[in-house]
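*Asks:*
Protein chains: 2
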Amino acid sequence: MKDEKSPAGRSYHHGDLSSALMDAAEEELKQHGIEGFSLRGVTKRAGVSHAAPAHHFGDANGLLTALAARGFERLIQTQRDFRRRAPSNPRKQIEASGVGYVVFASENPALFRLMFGSDRPDFGSVHLQRIAESAFDELVSLVSAVTNDRGSPKRDGAMMIDVAAAWATAHGLADLLAAGRLNTLGTLPANIRNRRIATIMSRAIP
Amino acid sequence: MKDEKSPAGRSYHHGDLSSALMDAAEEELKQHGIEGFSLRGVTKRAGVSHAAPAHHFGDANGLLTALAARGFERLIQTQRDFRRRAPSNPRKQIEASGVGYVVFASENPALFRLMFGSDRPDFGSVHLQRIAESAFDELVSLVSAVTNDRGSPKRDGAMMIDVAAAWATAHGLADLLAAGRLNTLGTLPANIRNRRIATIMSRAIP
DNA sequence: GGTATTATCTTGACACTGCAAAGTTACACG
DNA sequence: CGTGTAACTTTGCAGTGTCAAGATAATACC
């Protein structure tokens, strides 16, 4: 009978250390970035010994792998949220998806950098690989919806250019904004900024 | 009279340690990436003591700052090379510049990540700031050439969208390719790949 | 030419890091 | 009640970046 969260007494067995560590790790990531990320810092946050994560995640990269995977889940969710509020028109759906991508990166710059600009997560891990792949698949199906709409449902060549164009546009905006470049865009009020991002996204697929 | 490069005997004073360290650091970066970068590894490569860099660069981030600055110089140069071989037509010039941007990133993925995906270089440093700014300025003037060509020479608003679109498109392609994503594009032969990149770039500015 | 100064590089020490091995506690199950 | 196992802690180690102090070579000055 684990006491969920006994106010004062911390039992030897934490009960839910795994997710507590992930939360602490995300906080550490936010404050120090991936380059200042310290496993010992995470364990201090969680109030456990520095070797506690080993049993759940193996090593530090294992913890970061789990974090990245959770990041992809949230990225997908954010994109879906933006799509749901947008017209069902395939082109508007892609624009909304791109805006969601950029918004996610702006709100979680360190996490985004972990997911796309770091070698530390193990992208061979099945969990991470699957979730990242499914994010990519959603993009492909969105793009193919537009292509099919035009009456040319070929999956090769031409469509892959559209996929690359759409992804690159969203990713470029996201990465530059998360890095604090492109401040002419980044400092704009959210609604105006998102409209401009949608405009730029709309150019990617003619 | 420093003996340039006495084959066997290494003089106590290296003679040109500063640039030797930068070369060693770039090699270290290529092999281990920014996240595995070790200052002591650099000094071992250069055959000097672990504290040798201090006098020239201060700390490790100082060395990385110098490396990033040199990276921007090369990036600018690569873009110019591609532009010189392209038609003088403003739109073609932008496309060529974008291709140069992506080629640089593909050929120097670790350096590119240092320049755009790392907090370690000191972007407050005047040298780095100026060279990075001048790279940005070249883009702005290229875009304004197109805009002026269309007879609407306004520097605000609309043009800044074009700047953001062009930069984001090139940067997105560059970052995704350097990270090994987008392999449908990345594995193509260079000439075909570059043509597709140019196509995608051309969409960014209508 | 000889001496003092200065720039350059080395040595040694420190706190911090991630990881592995061994020890300790709590819990499940007979 | 006793035993085994999972969860966590303690201890130790090699590696890291930075700082302070020392050693050496090049240069400036007389």
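Chains as they are written, first to last, in the working numbering: chain D, 16 to 221; chain P, 16 to 221. Glycine included, each C-beta is placed from N, C-alpha and C at the ideal position.
Roughly how many whole angstroms lie between the Cα atoms of residue 88 of chain D and residue 191 of chain P?
*Replies:* Residue 88 of chain D and residue 191 of chain P: Cα-Cα distance of roughly 19 Å.
*Asks:* Using DSSP with H/G/I as helix, E/B as strand and the rest coil, what is residue 19 of chain P?
*Replies:* A caution first: residue 19 of chain P carries a pLDDT of 36, below 50, which makes its placement in the model too unreliable to give a value.
*Asks:* My output table needs one value for residue 65 of chain D: the three-state DSSP class, helix, strand or coil.
*Replies:* It is coil, neither helix nor strand.
*Asks:* Any beta carbon from chain D within less than 8 Å of residue 186 of chain P's own beta carbon?
*Replies:* Judged by the 8 Å Cβ criterion, residue 186 of chain P is in contact with chain D.
*Asks:* I think residue 220 of chain D touches residue 177 of chain D, with their Cβ atoms under 8 Å apart; what is that distance to the nearest whole Å?
*Replies:* Indeed, because the Cβ distance is near 5 Å, the residues count as touching under 8 Å.
*Asks:* The stretch 128–150 of chain D: which residues have C-beta closer than 8 Å to a C-beta of chain P, in chain order?
*Replies:* Here the close residues are 128, 131, 132, 133, 134, 135.
*Asks:* What number of angstroms, rounded off, separates the C-alpha of residue 135 of chain P from the C-alpha of residue 52 of chain P?
*Replies:* Their Cα atoms are separated by approximately 11 Å.
*Asks:* Could you confirm whether any beta carbon from chain P is found closer than 8 Å to the beta carbon of residue 109 of chain D?
*Replies:* It does not: the Cβ of residue 109 of chain D has no partner Cβ on chain P nearer than 8 Å.
*Asks:* Note down, in chain order, all residues in the stretch 191–203 of chain D with a beta-carbon under 7 Å from any beta-carbon belonging to chain P.
*Replies:* Answer in chain order: 191, 194, 197, 199, 200.
*Asks:* With C-beta atoms as the reference, is residue 97 of chain P less than 8 Å away from residue 111 of chain P?
*Replies:* Contact flag set, yes.
*Asks:* Is the Cβ of residue 40 of chain D closer than 8 Å to any Cβ of chain P?
*Replies:* With 8 Å as the cut-off, residue 40 of chain D does not count as an interface residue toward chain P.
*Asks:* Give a yes or no on whether the C-beta atoms belonging to residue 40 of chain P and residue 82 of chain P are separated by under 8 Å.
*Replies:* For residue 40 of chain P and residue 82 of chain P, yes; Cβs fall inside 8 Å.
*Asks:* Using a Cβ-Cβ cut-off of 8 Å, state whether residue 183 of chain P counts as contacting chain D.
*Replies:* Answer yes: the Cβ-Cβ gap between residue 183 of chain P and chain D drops below 8 Å somewhere.
*Asks:* Closer than 7 Å by beta-carbon distance: list the chain D residues that pair up with residue 221 of chain P, in chain order.
*Replies:* Those within 7 Å of residue 221 of chain P in chain D are 218.
*Asks:* Identify the contact partners of residue 211 of chain P in chain D, using a Cβ-Cβ distance below 8 Å as the criterion.
*Replies:* Near residue 211 of chain P (Cβ distances below 8 Å), the residues of chain D are 176, 179.
*Asks:* Less than 8 Å between CB atoms is the rule here; does residue 48 of chain D satisfy it with respect to chain P?
*Replies:* For residue 48 of chain D, the answer is yes, since a Cβ of chain P falls inside 8 Å of its Cβ.
*Asks:* Between residue 215 of chain P and chain D, is the shortest Cβ-Cβ distance under 8 Å, so that the two count as touching?
*Replies:* Yes - at least one Cβ of chain D is within 8 Å of the one on residue 215 of chain P.
*Asks:* For the alpha helix (DSSP H) that contains residue 43 of chain P, what are its first and last residues?
*Replies:* 32–47 is the span of the alpha helix (DSSP H), which, as asked, contains residue 43 of chain P.
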